[in-house]
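Q: Handing you a structure now.
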Amino acid sequence: MTVQQAIKKYKLEPLSVSVAKVKAKELNVDEVLYMNVQKNKYAYIVRDSRGIMLYSDERNLYTKLYKGLKITPLES
237 MTVQQAIKKY KLEPLSVSVA KVKAKELNVD EVLYMNVQKN KYAYIVRDSR
287 GIMLYSDERN LYTKLYKGLK ITPLES
């Protein structure tokens, strides 16, 4: 999957500089490029030492626990 396909699929939006720095610190990555947080779904495109990755996670409606972070490498 390319970066543009991921942006379209997850409806990601670019971040402001201040929010990007805070999210990068939270996720322990170099830079957060795009983000979309809905009620129970989280998606981030991040840049770190391994390249550009898509981080996605979902929260269970009943138990409020996360199902597990999925890390997908993206092509430029």
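Numbered by this note's numbering, the letters in the sequence shown go through residues 237 to 312 in order. All C-beta atoms in this analysis are idealised placements derived from N, C-alpha and C, irrespective of residue type, glycine included. Only a predicted model underlies this, so the values are computations on that prediction, with no experimental measurement involved.
Which term fits Met289, buried or exposed, when burial requires 16 or more other beta carbons within 10 angstroms of its beta carbon?
A: The residue in question, Met289, is buried, as its Cβ has 16 or more Cβ neighbours within 10 Å.
Q: For the candidate residues Gly287, Asn276, Thr299, whose alpha-carbon lies nearest to that of Ile307?
A: Answer by Cα proximity: Gly287.
Q: Quick one: give me the first and last residue of the alpha helix (DSSP H) that Glu262 is part of.
A: Glu262 -> alpha helix (DSSP H) spans 253-263.
Q: Would you mind stating whether Glu294 and Lys300 have Cβ atoms separated by less than 8 Å?
A: No. Outside cutoff.
Q: Along the beta strand (DSSP E) that carries Lys306, what are the first and last residues, could you check?
A: Here the beta strand (DSSP E) through Lys306 covers 306-309.
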